[in-house]
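**Student:** Protein sequences appear in the order of chains A and B.
Residue 9 in the UniProt record's numbering is what sits at position 9 of the first sequence, and the numbering runs on without skipping anything.
Residue 115 in the UniProt record's numbering is what sits at position 115 of the second sequence, and the numbering runs on without skipping anything.
Just so it is clear, CB atoms sit at the ideal spot from N, CA and C, and this is done for glycine as well.
Remember, predicted model here, so these are calculated numbers, not experimental data.
So that we are looking at the same thing, I have put the structure below in structure tokens.
Number of protein chains: 2
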Amino acid sequence: MASAASDIGRMARKLASIASLTDAERQAIEALPLTVRIFEPGEDIVRDRDRPSHCCLLLSGWGFRYKVLPDGKRQILSFHIPGDVPDLQSLHLQVMDHSLGVTTTSSVGLIPHEALREMTRRFPGVAAIMWRDTLIDAAIFREWMTGIGRRTAHGRIAHMLCELYLRLHAVGLAEGFRCDLPITQIDIGDALGLSNVHVNRVLQDLRGRGLIMLRGRSLAIEDWSALTKVAEFDPTYLHLVRPRVN
Amino acid sequence: MASAASDIGRMARKLASIASLTDAERQAIEALPLTVRIFEPGEDIVRDRDRPSHCCLLLSGWGFRYKVLPDGKRQILSFHIPGDVPDLQSLHLQVMDHSLGVTTTSSVGLIPHEALREMTRRFPGVAAIMWRDTLIDAAIFREWMTGIGRRTAHGRIAHMLCELYLRLHAVGLAEGFRCDLPITQIDIGDALGLSNVHVNRVLQDLRGRGLIMLRGRSLAIEDWSALTKVAEFDPTYLHLVRPRVN
DNA sequence: CGAATACTTGAGTGGGGTCAACGCAAGTGG
DNA sequence: CCACTTGCGTTGACCCCACTCAAGTATTCG
């Protein structure tokens with residue numbers, strides 16, 4: 001099906017942004033079987049303690065991984081954009097230690113573990129790239145941890161905006177320092193260990209200082225250089241093959 | 001060399017704590033070439049931005065990974081105990097995005113990337129287990145992130161003590177709720193996003209309430225059940241094959 | 001156009017930070 | 001074997017960043 005082929009092409013494009021793919025490898029990826037499902041905000045794709053038999057390729061919309069503490073506090077662990085496979089880890093960790101949800105109506109392609117395993121057997125190069133993908137995932141966790149532990153609220157928020165723009169840019173989903181940002185201020189707070197109230201005040205400050213424009217779900221970075229300075233942003237940790245902003 | 005064989009046996013034991021190994025796989029691991037080096041506290045094994053050609057197997061002592069922000073603030077990302085390969089990721093991420101140091105005089109076995117790659121080619125099962133190891137690494141990052149972002153200082157510290165004891169126990173380095181804890185209160189603070197002053201006060205409180213005994217570098221957990229309660233500790237995220245405390 | 005959800009603003013508060021001083025133990029070297 | 005140093009642990013006083021609570025104002029969507 002033409003639509004399915006182009007759908008899974010997103011995954012190839014994502015992987016190509018972090019490593020180089022041979023034609024054979026790209027074809028192997030594009031031959032993966034895919035069952036498409038739509039998820040609505042509030043719905044979980046996978047839940048804490050599940051034992052999934054598929055991985056989820058995000059085709060459109062945004063996903064996020066999160067944990068909920070006994071007292072109801074939520075920590076968002078990562079945001080995911082089209083092309084990402086947020087639960088690739090489930091290939092080797094049977095039990096989910098967190099949940100996976102969506103922030104907007106999203107289209108998700110389910111890929112059976114068995115198909116992925118078969119591909120890694122036949123194409124060890126793809127296995128290495130997928131391993132690399134999960135390692136970059138971990139590198140982003142490390143950077144977030146550093147932010148939450150040691151950065152000010154201003155630094156954390158600025159840093160997150162820089163990261164998201166760069167990741168969107170790397171897969172062709174942002175250009176000219178503009179992008180969609182389909183997440184609420186509550187989400188941002190839960191991702192950065194802040195209250196929504198404080199997120200709001202900091203965003204207003206960043207707007208007031210002319211660093212960003214943010215209305216509704218649309219972000220424009222008006223002064224990239226100043227924003228990266230506030231964020232102390234260094235993109236090394238994203239391990240992109242071509243880490244350019246424009 | 002007999003000593004080298006038993007040294008690298010630590011790695012096999014560690015991997016056996018998170019997955020089952022066949023005899024052939026265990027032998028392949030034990031055949032890995034190893035150059036042993038001693039590191040002193042304050043010395044770095046690998047530095048941010050390095051491009052290592054070896055991985056480091058920790059043989060004795062404790063290691064830790066960390067980032068330093070421009071203003072000098074330090075965030076410790078993980079602690080590592082004998083049997084761990086803290087920079088396994090460097091096999092697929094050329095540039096280090098953080099540093100690796102030791103808290104005590106430590107003995108480290110350097111394994112050439114090429115030897116590891118050769119092993120993954122010949123033993124895809126070992127490759128899968130090492131991949132799994134890096135995934136558990138990431139799972140621990142997620143749990144720490146959640147702690148730093150959403151737990152109180154008491155919860156964070158209690159949680160860390162539970163985790164470290166369980167990991168030591170899993171590789172046979174702790175028994176009877178007692179273990180060495182060769183890290184300073186400054187280290188704990190830098191790991192959990194707290195000041196050393198506050199770490200000190202919380203530790204005193206935990207001692208005063210009879211949950212732990214901590215003198216010098218030796219920890220005894222006097223009330224495991226109460227400590228896990230304060231920590232809201234659930235070991236699922238460690239993905240141990242046999243997650244028992246005793 | 002009502003209902004829900006997100007965003008905004010203000011006032012008051014507290015957990016944990018900072019600063020500074022001191023105790024104590026383990027080197028270390030003369 | 002003692003004087004000096006160094007690093008870690010401990011304590012007190014003060015304070016601020018970010019939280020909580022609460023109420024009001026857009027948006028969005030059926």
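1) In this structure, how does DSSP classify B:F64 when only helix, strand and coil are distinguished?
2) Would you mind sorting B:D31 into buried or exposed? The rule is 16 or more other CB atoms within 10 Å of its CB.
3) Would you mind telling me which residues of chain B sit closer than 8 angstroms to A:P70, beta carbon to beta carbon, in chain order?
4) Going by CA-CA distance only, name the one from A:P70, A:E43, A:C179 and A:D71 that's closest to A:F64.
5) Starting from the beta carbon of B:H198, find every residue of chain A whose beta carbon is closer than 9 angstroms, and list them in chain order.
6) Which same chain residues end up closer than 7 angstroms to A:R132 when comparing Cβ atoms and leaving out the 5 residues on each side of it in sequence?
7) B:V46 by DSSP, collapsed to three states: which one?
8) Look up A:R74 in the DSSP assignment and give the residues it is bridged to.
9) Let me confirm a value: A:R151 is counted as buried when at least 16 other C-beta atoms fall within 10 Å, else exposed. Which label applies?
10) How big is the Cα-Cα spacing for A:A4 and A:S107?
11) Using the Cα positions of A:G193 and B:A24, report the straight-line distance between them to the nearest angstrom.
12) Would a C-beta distance cut-off of 8 angstroms place A:M145 and A:A191 closer than the cut-off?
13) Considering only DSSP beta bridges, list what B:T35 is partnered with.
14) Near A:I8, which residues of its chain fall below 7 angstroms by C-beta distance, leaving aside the five closest residues on each side in sequence?
15) If you count every other CB in all the chains shown that lies within 10 Å of the CB of B:S90, and 16 or more means buried, which is it?
16) Starting from A:I129, trace the beta strand (DSSP E) in both directions and tell me its first and last residue.
17) Name the chain B residues whose beta carbon is nearer than 9 angstroms to that of A:G63?
18) Determine the chain B residues that contact residue 247 of chain A at a beta-carbon separation under 8 angstroms, and present them in chain order.
19) Count the C-beta pairs between the stretch 113-130 of chain A and the stretch 79-99 of chain A that are closer than 8 angstroms, then say yes if the count reaches three, no if not.
20) Pick helix, strand or coil for B:I221, following the three-state DSSP scheme.
21) Using a cut-off of 7 angstroms between C-beta atoms, extract the partners of A:H98 located in chain B.
22) Taking 8 angstroms as the threshold (beta carbon to beta carbon), is A:H80 in contact with chain B?
**Tutor:** In brief:
1) For this step, residue 64 of chain B is matched to residue 64 along the second sequence. Correct three-state label for B:F64: strand.
2) For the purposes of this step, residue 31 of chain B is taken as residue 31 along the second sequence, with counting starting at 1. At residue 31 of chain B the sequence reads Ala, which differs from the Asp that was named. Answer is exposed; the Cβ neighbour count stays below 16.
3) On the first sequence, residue 70 of chain A is found 70 positions in, with the first residue counted as 1. Residues of chain B passing the Cβ test: E232.
4) On the first sequence, position 64 is the one that residue 64 of chain A refers to. Comparing Cα-Cα distances from A:F64 to each of A:P70, A:E43, A:C179 and A:D71, the minimum goes to A:E43.
5) Taking the first residue of the second sequence as position 1, residue 198 of chain B is located at position 198. Ordered by position in chain A, no residue passes the 9 angstroms Cβ test against B:H198, which lies about 13 angstroms from the chain.
6) Working through the first sequence from its first residue, we reach residue 132 of chain A at position 132. In chain order, I18 and A19 place their CB closer than 7 angstroms to the CB of A:R132, counting only its own chain and leaving out the 5 sequence neighbours on each side.
7) If you number the second sequence from 1, residue 46 of chain B lands on position 46. If DSSP states are grouped into helix, strand and coil, B:V46 belongs with the strands.
8) In the first sequence, residue 74 of chain A corresponds to position 74, counting from 1. A:R74 is bridged to A:V68.
9) Your numbering for residue 151 of chain A matches position 151 in the first sequence. Residue burial annotation: A:R151 is buried, with at least 16 other C-beta atoms found within 10 angstroms of its C-beta.
10) On the first sequence, residue 4 of chain A is found 4 positions in, with the first residue counted as 1. On the first sequence, residue 107 of chain A is found 107 positions in, with the first residue counted as 1. Its pLDDT being 45, under 50, A:A4 is placed unreliably in this model, and the value from its coordinates should be taken loosely. Rounded to the nearest angstrom, the two C-alpha atoms are 12 angstroms apart.
11) Along the first sequence, one-based indexing puts residue 193 of chain A at 193. Along the second sequence, one-based indexing puts residue 24 of chain B at 24. Cα to Cα, A:G193 sits roughly 46 angstroms from B:A24.
12) The sequence position of residue 145 of chain A within the first sequence is 145, counting from 1. The sequence position of residue 191 of chain A within the first sequence is 191, counting from 1. No, the pair does not count as a contact, with Cβ atoms beyond the cut-off.
13) As a first step, residue 35 of chain B is located in the second sequence; it is residue number 35 there, counting from the start. DSSP output for B:T35 lists B:L110 as bridge partner(s).
14) Numbered from 1 along the first sequence, position 8 holds the residue referred to as residue 8 of chain A. Excluding residues within five positions, the ones whose Cβ falls inside 7 angstroms are I29, E30, L32, L34, L57 and G109.
15) The residue labelled residue 90 of chain B in the question sits at position 90 within the second sequence. By the neighbour-count criterion, in which 16 or more other beta carbons inside 10 Å mark a residue as buried, B:S90 falls on the buried side.
16) Here the question's residue 129 of chain A lines up with position 129 in the first sequence. Annotation for A:I129: no beta strand (DSSP E) segment contains it, though the alpha helix (DSSP H) segment containing it runs P124 to R150.
17) Indexing the first sequence from 1 puts residue 63 of chain A at position 63. What A:G63 touches in chain B: nothing, since even the nearest Cβ is about 15 angstroms away.
18) It is not possible to answer for residue 247 of chain A, since the shown part of chain A is limited to 1 through 246.
19) Yes, they touch.
20) Along the second sequence, read from residue 1 onward, the residue named residue 221 of chain B stands at position 221. Looking at B:I221 - three-state DSSP - the assignment turns out to be strand.
21) Within the first sequence, residue 98 of chain A is the residue found at index 98, counting from 1. Under the 7 angstroms cutoff, chain B gives R142.
22) Within the first sequence, numbered from 1, the residue matching residue 80 of chain A stands at position 80. So, not an interface residue.
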